[in-house]
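Report on the following structure.
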Amino acid sequence: MTPAGLRIVEAAEELFYDRGITAVGVDLIAERSGVTKRTLYNRFGSKDHLVAAYLTQRDQRWRSVVRAAVDASDSPVDAVTAPFDALRTWSAANTRGCAFINALAELPDPAHPAHRIAADQKLWLLNLFAELAAAAGCSFPDTLAARLLVLHEGALATQPLSLDTLPHAAELARSLTRASRESAR
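For what it's worth, our numbering labels the leading residue of the sequence shown as 1, then goes sequentially.
Given below as structure tokens:
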């Protein structure tokens, strides 16, 4: 991506995350990034594609944080719940909740390119939980994965309320994972 394109995406990310996707226009993004609207449209074609680029970059960063947490795990069981550890790290700098949940709420049309990226991010996490659960020898890894996703997303959804639900969700995730592994033996 060109330096101007990077500036546009960085400005869009800050504005979309802080104010909401539908509340932010391309005029403000162009102004914040120091480019003309024409440059913005030349680089991205439309606001929809800019939103998709913003979510794609955010998704890549999130997946890197999750993979690092999984790789740093001491055991296969710890790896299953590593996305909760990643969320703790991620949430320190992202206090307005989940950009993907927010995008799904603002962009309900499944045909919207950003909607697909946000939905795919959730499916990726579900599949990761299932893969990690199977590798850890848990019984019914797909069922456990669905339960862990619900806990993870619940912790994300309540984050802006300052209820501090993440430690409770993480502990419940560990309990479910241990129980699932024990029942497989």
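Glycine is no exception: its CB is placed at the ideal position from the N, C-alpha and C atoms.
Note that the structure is a prediction, hence the values are computed from the model and not measured.
### Message
Output needed for Arg88: all residues of its chain with C-beta closer than 7 Å, excluding positions within five of it in sequence on either side, in chain order.
### Response
Correct list, in chain order: Leu166.
### Task
Using three-state DSSP, classify Ser183 as helix, strand or coil.
Three-state result, Ser183: helix.
### Query
Three-state secondary structure (DSSP) at Thr165?
Of the three classes helix, strand and coil, the one that applies to Thr165 here is coil, per DSSP.
### Query
Should Arg19 go down as buried or exposed, given a rule of 16 or more other Cβ atoms within 10 Å for buried?
Exposed, by the Cβ-count rule.
#### Entry: Cβ shell of Thr158 (< 6 Å), same chain only, five flanking positions each side left out
For Thr158, the CB contacts under 6 Å within the same chain, skipping 5 residues up- and downstream, are Thr165 in chain order.
#### Entry: DSSP state of Ser94 mapped onto helix, strand, coil
One point to set straight first is that residue 94 is Asn, not Ser, in the sequence displayed. Asn94: coil per DSSP, three-state reduction.
### Query
Considering only C-alpha positions, which residue in the set Arg116, Leu132, Ala93 and Ala146 is nearest to Arg61?
Comparing alpha carbon positions, the residue from Arg116, Leu132, Ala93 and Ala146 closest to Arg61 is Ala93.
### Residue range of the alpha helix (DSSP H) that includes Gln60
First-last of the alpha helix (DSSP H) with Gln60: Lys47 to Asp71.
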